[in-house]
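Position in the sequence shown (first residue = 1) + 9 = our numbering.
Down below is the structure, laid out as structure tokens.
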Amino acid sequence: MSVSISSDAADVSTTSGTPLSADRIKHLEFIQAIVTRLGNNSFLLKGWAMTITAAILALSAGQLSWQIALSGTVPLLGFWSLDSYFLRQERLFRALYEDARSPDSTVEMLSMNVGPYLARVTLVKAAFSQTLVLFYGALLIAHFVVVLVAR
Numbered sequence: 010m011s012v013s014i015s016s017d018a019a020d021v022s023t024t025s026g027t028p029l030s031a032d033r034i035k036h037l038e039f040i041q042a043i044v045t046r047l048g049n050n051s052f053l054l055k056g057w058a059m060t061i062t063a064a065i066l067a068l069s070a071g072q073l074s075w076q077i078a079l080s081g082t083v084p085l086l087g088f089w090s091l092d093s094y095f096l097r098q099e100r101l102f103r104a105l106y107e108d109a110r111s112p113d114s115t116v117e118m119l120s121m122n123v124g125p126y127l128a129r130v131t132l133v134k135a136a137f138s139q140t141l142v143l144f145y146g147a148l149l150i151a152h153f154v155v156v157l158v159a160r
């Protein structure tokens, strides 16, 4: 089901033709703003993780210090866990959005309660999603390659 909005604010409806109230549209906008903010936070974390990893690996390779390279895995794992948290929260709010966009939704108007979706979206699933494993896994492998080369 998708939502179509015409130029007339009173004519907001789903593809099934059921009109959505202005309050329902505002609720969906609030949820979408949260999803956008969580996505931006995740993007910033990845930038910081890449920058700090590059700096630590350059320092450890320059000094041929496996200890520095190995210690660089600690902040990397911290970034990974924080990014996992943001991804989980984003998925929780997307599930709330899916339920709230239905005109006959049982979601309380303007509610931001993601509690009913906690069992469906786990932190472990988010942490080991394909995108996070590829990104942070590659950085982790780079750390271990420098550890092996520096030994």
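Glycine included, every Cβ here is placed at the ideal spot set by N, Cα and C.
Thinking C-alpha only, which one of the options is nearest residue i?
i	options	result
residue 156	69, 56, 47 and 119	69
residue 40	132, 56 and 99	99
residue 142	55, 36 and 33	55
residue 158	129, 77, 110 and 87	77
residue 160	72, 123 and 87	72
I'd like to check one pair, residue j with residue i: are the Cβ atoms closer than 8 angstroms?
i	j	result
residue 96	residue 138	yes
residue 93	residue 132	yes
residue 89	residue 136	yes
CB-CB under 6 angstroms to residue i, same chain, minus the five flanking residues each way: which ones, in chain order?
i	result
residue 126	101 and 104
Who are the near neighbours of residue i in its chain, counting only those whose CB is closer than 7 angstroms to its CB and skipping five residues on each side?
i	result
residue 108	114 and 116
residue 27	112
Could you name the residues of the same chain whose beta carbon sits closer than 8 angstroms to that of residue i, not counting the 5 residues immediately before and after it, in chain order?
i	result
residue 85	58, 61, 62, 145, 148, 149 and 152
residue 106	37, 40, 41 and 44
residue 91	54
So residue i packs on residue j, CB below 8 angstroms; how close in whole Å?
i	j	result
residue 32	residue 118	5 angstroms
Just to confirm, does residue i get its C-beta within under 7 angstroms of one of the non-hydrogen atoms of the ligand ZN?
i	result
residue 65	By its list of ligands, the structure shown contains no ligand whatsoever, and the ligand ZN lies outside what it can speak to.
Could you check whether the stretch 143-160 touches the stretch 63-80, counting it as contact only if at least three pairs of C-beta atoms, one from each stretch, sit closer than 8 angstroms?
With a cut-off of 8 angstroms on Cβ pairs, the stretch 143-160 is in contact with the stretch 63-80, counting three or more such pairs.
Taking contact to mean 3 or more Cβ pairs, one atom from each stretch, closer than 8 angstroms, check whether the stretch 69-82 and the stretch 49-57 are in contact.
Between the stretch 69-82 and the stretch 49-57, the count of C-beta pairs closer than 8 angstroms stays below three; the two stretches do not touch.
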